[in-house]
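Below is one structure; the comments refer to it alone.
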Amino acid sequence: MKNSTQHKWIVRPARVMLAIVVTGLLAVSAGATDRRFTFTYEPETMPQGEKEFEQWITLRTQRTKNVDQENFNQWDFREEFEYGVTDNYQVALYLNGRNTSYRSKVDGDVSEFTFEGLSLENIYNVLNPATKPIGLSLYLEGTYSGEAAEIEQKLILGQRHGDWKWALNLVHATEWEDNLSEIEGELEATFGVGRDLGKRWSAAIELRSISRIPRYEEFETTALYLGPTVRYRQENWWAALSVLPQIWGRDWDHSGDGYDNLDLAHNERVHIRLLFGFDF
C-alpha cells in the first residue's frame, strides 16, 4: 500500500470523529459533567436522568522495527453515550473503532481501519465521596464485535481534598480473540492526582500499569506509563488531554525488541488521549 493511501486511512477516521465533536459542541445545552483524568475513572456517578456524550481519541504510537512494526501508530476512537439511571447508577453505550498502521519488511506499508464492536458500561456508586471518607464505585463493561469479546471489571476509589483530587482504579479484563478461540487476561492499575487551577483549568499526573497474560498461563508483557493531564471546562462542555510516555517495560516472552527497560514489542512508547464531553 502506498504512503498516500496509508495517510488517507489515518486522516479519514480522524476527520469523521472531529466532525462529530464539532457538531455536538455547537448543539450542547448546559451543565456538562467533567473528568480530571483520561485514563483513570473517578468514583462519582451522574445524577438521575442526566445524559452526556463523550468522544474519545487515543493515539498509541512508536514500537520497535525489530519486531517488524516500524512507524507504528494506532488510533482508537470511542463514542460514548452516558445516562444516569439513578443517582448512584449509570450506564453507557460505546461505539468502538480502530485504525492501525505500520511499515513491515514482509507486508510493506500496512494500514487497516476496523470496527471494534459495541460496549456496554455499568458503574454503581457504593460509597459517595461527598459523604464518606473515601469514594468507591464498581465497574463492569462488556464488549462484543462478532469476532472478539471482552469483559472488564474495575474497582474505582477516590476522594477530593479542597482543590486536590485523587483516584485509583484496579482493573481486570478477559479478552476472547480470533473468533473467540484465543483467551487473554489483562491486569491494569491507574492512579491520578490533580489540582484545580481556578474555575476552568486543572492539571494532573497519571500513572498507568498494564500486564497481559495469554491463556492465563504466563505474563507476556508489563509496561508502566507516567505523564501529565490537562483539563479545561466551560459550563456546558469540557475537554481533557493526556500524554503518557512509557517509563519502564518488560517483554517477559523475550520477543527481542532491543530494549532492556522498555517493552516496544507489545506496547507503545507513548499513549496520548483526548476526551471531549457535553450534555445533550
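So for the sequence shown, my numbering puts the first residue at 1; every next one is plus one.
Beta carbons: idealized from backbone N, C-alpha and C, even for Gly.
Quick caveat, the model's predicted, so the values are computed rather than measured.
Taking the beta carbon of residue i as the centre, do at least 16 other beta carbons fall within 10 Å, making it buried, or is it exposed?
| i | result |
| --- | --- |
| G49 | exposed |
| S242 | buried |
| A204 | buried |
| K8 | Here K8 scores only 44 on pLDDT, less than 50, and its place in the model is too uncertain to base an answer on. |
| Y232 | exposed |
| N261 | exposed |
| R208 | buried |
| Y181 | Note on identity: in this sequence residue 181 is Ser, with Tyr being the wrong assignment. Result: exposed. |
| I57 | buried |
| N169 | buried |
| E268 | buried |
| V22 | With a pLDDT of 45 at V22, under the threshold of 50, the predicted position of this residue should be treated as unreliable, and no value is reported. |
| D263 | buried |
| G31 | A caution first: G31 carries a pLDDT of 44, below 50, which makes its placement in the model unreliable, though a value can still be read off. Exposed, because fewer than 16 other Cβ atoms sit within 10 Å of the Cβ of G31. |
| G54 | For clarity, residue 54 is Glu in the given sequence; the question names Gly instead. Buried, since its Cβ has 16 or more Cβ neighbours within 10 Å. |
| P228 | exposed |
| I134 | exposed |
| T131 | exposed |
| K199 | exposed |
| G162 | exposed |
| W164 | exposed |
| G256 | exposed |
Which residues in the same chain have their Cβ closer than 6 Å to the Cβ of residue i, if we skip the five residues on either side of it in sequence?
| i | result |
| --- | --- |
| T222 | S211 and R250 |
| T45 | N88, Q90, I123 and N125 |
| T114 | R98 |
| E175 | E150 and E184 |
| Y216 | G185 |
| G192 | F37, T40, A167, A204 and E206 |
| T143 | G117, S119 and E150 |
| L274 | I57 and L241 |
| L285 | Since the displayed the chain opens at 1 and closes at 280, residue 285 lies outside it and no answer follows. |
| N73 | T61 and S101 |
| E188 | V171 and I210 |
For residue i, report the span of its beta strand (DSSP E) as first-last.
| i | result |
| --- | --- |
| Y216 | First-last for Y216: undefined, no H or E at that position. |
| W166 | W164 to E177 |
| T190 | E182 to L197 |
| S242 | W237 to D251 |
| F278 | V270 to D279 |
| E152 | A149 to H161 |
Using a Cβ-Cβ cutoff of less than 7 Å, which residues in the same chain neighbour residue i once the five nearest sequence positions on both sides are dropped?
| i | result |
| --- | --- |
| D68 | S104, K105 and V106 |
| E220 | R212, I213, P214, W252, D253 and H266 |
| G258 | T64 and N66 |
| S202 | R36, G194, R195, D196 and R231 |
| N71 | Y102 and R103 |
| P129 | P43, E44, G135, G158, Q159 and R160 |
| S137 | P43, T45, I123, Y124, N125, V126 and I156 |
| D34 | R231, R233, W238 and G277 |
Within its chain, find whatever has a CB closer than 8 Å to the CB of residue i; leave out the 5 residues flanking it on each side and keep chain order.
| i | result |
| --- | --- |
| K51 | F81, E82, Y83, G84, D279 and F280 |
| I247 | L224, Y225 and L226 |
| P47 | G84 and D87 |
List the whole-angstrom C-beta distance separating residue i from residue j, where the pair is believed to meet the contact cut-off of C-beta under 8 Å.
| i | j | result |
| --- | --- | --- |
| A173 | E186 | 4 Å |
| E141 | L127 | Between L127 and E141 the Cβ distance is about 20 Å, and since that is not below 8 Å, they are no contact. |
| E177 | F37 | Not really, about 28 Å apart at Cβ, beyond 8 Å. |
| P43 | G158 | 5 Å |
| L59 | I272 | 4 Å |
Is there a C-beta anywhere in chain D that falls below 8 Å from the one on residue i?
| i | result |
| --- | --- |
| I134 | Included in the structure is just one protein chain, with no chain D present. |
So within the stretch 61-139, which uninterrupted beta strand (DSSP E) runs reach at least 3 residues, ignoring any that extend past its ends?
70-86, 89-104 and 108-127
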